[in-house]
Structures are given as structure tokens and as C-alpha cells.
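A.B. asks: Numbering (full-length UniProt numbering), first residue to last: 1 to 340.
A virtual CB, placed ideally from N, CA and C, is assigned to each residue, including glycine.
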């Protein structure tokens with residue numbers, strides 16, 4: 001009987017791989033299309049003949065500055081930050097076994113916002129804000145893990161503690177905003193909504209390096225993460241060091257989300273939506289690449305809408321993702337309740 005089932009299993013696995021490859025190809029084409037549209041769009045009147053060389057750093061004058069120094073970095077930051085948000089959300093959802101378990105829900109983004117707001121109200125800009133956001137996010141992740149520990153870490157406790165810590169961090173952010181001067185409040189609010197208006201090449205390289213390192217680390221952890229679907233006891237029986245892998249994965253996801261947040265601000269709901277949508281598209285839960293691509297599509301498309309939508313543009317990119325993500329959150333809650 002095993003010999004009869006083996007060809008069917010091999011055929012099914014090939015079909016899954018083919019579907020995953022096709023989905024990733026379509027998502028990649030969509031990313032390129034949205035990114036190209038974002039580079040072409042803008043208020044500056046630049047001829048197409050000047051724009052194409054400028055996009056590759058070969059233009060001169062106004063075209064070189066507007067396209068290569070502004071539009072291209074913005075499109076790349078949108079792409080890379082979306083991929084990081086999607087990858088972090090997918091990692092957390094697999095780690096906890098709940099589609100609602102994302103850096104937003106577990107307080108990671110709130111920790112980054114609180115730390116960044118603290119230094120923004122002190123007048124810091126640039127690298128100081130970015131470093132503080134990363135420190136705040138990773139610190140909250142470690143705190144959530146430690147407070148969830150009781151003879152191991154259960155996903156249920158992790159979510160509850162994360163929600164509580166996130167609420168405390170949000171309260172700290174609110175307090176800091178109420179005590180700051182008008183200019184600092186304006187900077188903090190613009191950052192907290194999530195905007196790509198300050199994108200530059202330095203941010204592109206930081207995001208690219210983070211994505212490369214995160215992808216390699218996730219590849220090494222993927223085998224152990226797959227065993228989490230069997231439960232902690234079976235995962236441990238198969239040789240997975242459950243608590244150590246969970247803590248390391250929690251810090252990895254926090255780091256991915258923190259670096260993206262430090263560059264763009266907390267662009268909400270991307271981490272929440274990317275994982276479930278990718279799993280539905282490829283019809284499997286192990287969909288890290290698809291989740292990263294879906295996250296990139298969402299942020300690039302949202303940023304394009306934020307810049308070009310009639311009557312409302314320009315608006316922060318985070319406001320567009322919130323409009324998309326809020327109904328998605330409601331759907332996931334209702335769908336999860338029906339399944340349970």
C-alpha cells in the first residue's frame with residue numbers, strides 16, 4: 001500500500017511546488033509593475049527618454065535627482081520593507097500557530113513606536129530614531145518571552161502577554177506625545193502613521209542587508225518551525241529545542257519588523273495580511289517566500305495609491321494599508337470563529 005501511495009504523494013508534492021513557483025512568479029511581476037508605475041508617477045514633468053536612463057543612475061540634472069535620488073529609493077524601500085513585514089508576520093504566525101499573532105498584535109511595533117517617539121520628542125532624527133526603534137522592538141520581544149515563561153512558553157500566554165505589553169507601550173507613546181512640543185509631536189505623528197517620504201539609498205541598503213540575513217537565518221530554522229505544527233511535545237520528541245527555537249524566532253521576527261519599522265514607521269496590517277493571503281494562494285502553511293512577496297506587493301501598491309489617488313494624495317502610506325488591513329482583520333476574526 002505504501003508503494004501505491006508513494007507516486008501519488010510525489011505527484012502532489014510536484015503540483016504544490018509548481019503552484020508555489022507560479023504564484024511567486026505572478027507576485028514578482030506585480031511588484032515590478034507597481035514599482036515601475038511608482039517610479040513613473042510624480043508631479044515633476046520629466047520626459048520618458050530622460051526617466052529611463054535616470055532610473056539606472058545615468059541621467060543628468062533634474063531627472064537624475066528626482067528619479068534616481070527620490071523615486072527609485074522610495075520604490076525599493078517600499079518593496080523591501082513590505083517583504084520584511086510579510087516575512088516577520090509569517091514567522092510569528094507559524095511560531096504561535098495563530099494568524100492574529102503578528103508583531104502588531106504582540107506589542108513589537110508598539111515597543112518600536114514608544115522608543116522612537118521618546119527620541120523624536122528629544123529632537124533626534126535619522127539614525128538615532130532608527131536605532132531606538134530597533135532597540136525598543138527587540139527589548140519588548142525579549143520582555144514578552146520572559147514574562148510568558150512558566151515551565152516553557154505556551155503560544156496562548158505569549159499572545160496575552162504581548163497584547164498587555166503592547167497596550168503599556170502605546171500608553172507610554174500617548175503620554176510622550178502629550179508632553180512634547182508642537183514640532184516634536186508633528187514629527188512623531190508623521191513617523192507613527194508610517195510614511196515613505198524620507199526614503200533614501202541608505203535605507204535601501206539597510207533593508208536589503210536585513211532581508212538577506214533574515215532569509216538565511218529563517219532557512220536554517222525552517223525545519224524546526226515545521227515541527228511546531230505537531231505541538232510542542234512531538235516537536236521536542238523529534239529533536240527540536242522548542243523553547244530555544246521559539247525565543248530565537250521571536251527575536252528574529254522582532255528584528256525584521258523593527259528594522260523595517262525604523263525606516264518607514266509602523267506601517268500597519270501588512271504583517272497581519274501577508275501570511276494568510278500567501279498561504280491561501282499557495283495552499284500551504286509553509287509559504288515564507290510568498291508571504292514576503294505579498295507584503296512587498298501590498299506596500300508598493302499602497303504607496304503608489306498614496307502618491308497618485310485623486311482628491312486625497314499625497315497621504316501617508318500607513319493610512320492606505322490601514323484601509324486595506326482593517327477589513328482583513330475583521331474577516332480573519334470572523335473566519336477563525338466560524339472554523340472554531
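Taking the beta carbon of residue 314 as the centre, do at least 16 other beta carbons fall within 10 Å, making it buried, or is it exposed?
C.D. replies: It is exposed - the Cβ of residue 314 has fewer than 16 other Cβ atoms within 10 Å.
A.B. asks: To the nearest angstrom, how far is it from the Cα of residue 84 to the Cα of residue 148?
C.D. replies: Each residue's Cα considered, the two are about 25 Å apart.
A.B. asks: What is the rounded straight-line gap between the Cα of residue 161 and the Cα of residue 270?
C.D. replies: Answer to the nearest angstrom: the Cα atoms are 22 Å apart.
A.B. asks: What residue does the alpha helix (DSSP H) around residue 246 start on, and which one ends it?
C.D. replies: Unbroken alpha helix (DSSP H) run through residue 246: 242-264.
A.B. asks: For the alpha helix (DSSP H) that contains residue 187, what are its first and last residues?
C.D. replies: Here the alpha helix (DSSP H) through residue 187 covers 182-193.
A.B. asks: Apply the 10 Å Cβ neighbour rule to residue 183 and answer buried if 16 or more other Cβ atoms are within range, or exposed otherwise.
C.D. replies: Classification of residue 183: exposed, given that the 10 Å Cβ count is below 16.
A.B. asks: Kindly list the residues whose CB is nearer than 7 Å to the CB of residue 138, restricted to its own chain and excluding five residues on each side of it in sequence; keep chain order.
C.D. replies: Excluding residues within five positions, the ones whose Cβ falls inside 7 Å are 251, 254, 255, 258.
A.B. asks: I'd like to check one pair, residue 267 with residue 321: are the Cβ atoms closer than 8 Å?
C.D. replies: Cβ distance < 8 Å, so residue 321 and residue 267 count as in contact.
A.B. asks: Which residue comes first and which comes last in the alpha helix (DSSP H) that contains residue 315?
C.D. replies: Here residue 315 belongs to no alpha helix (DSSP H), and DSSP marks it neither H nor E.
A.B. asks: Starting from residue 104, trace the alpha helix (DSSP H) in both directions and tell me its first and last residue.
C.D. replies: No alpha helix (DSSP H) holds residue 104; DSSP gives it neither H nor E.
A.B. asks: So residue 262 and residue 134 are supposed to be a Cβ contact under 8 Å. How far apart are they, rounded?
C.D. replies: The pair is a contact, with the Cβ atoms about 5 Å apart (cut-off 8 Å).
A.B. asks: From residue 248 to residue 225, what distance separates their C-alpha atoms?
C.D. replies: Spanning the two alpha carbons is a distance of roughly 11 Å.
A.B. asks: Would residue 196 count as contacting chain B if we go by Cβ distances under 8 Å?
C.D. replies: The displayed structure is made up of one protein chain only, and chain B is not part of it.
A.B. asks: Taking just the CA atoms, how far does residue 325 sit from residue 275?
C.D. replies: Rounded to the nearest angstrom, the two C-alpha atoms are 13 Å apart.
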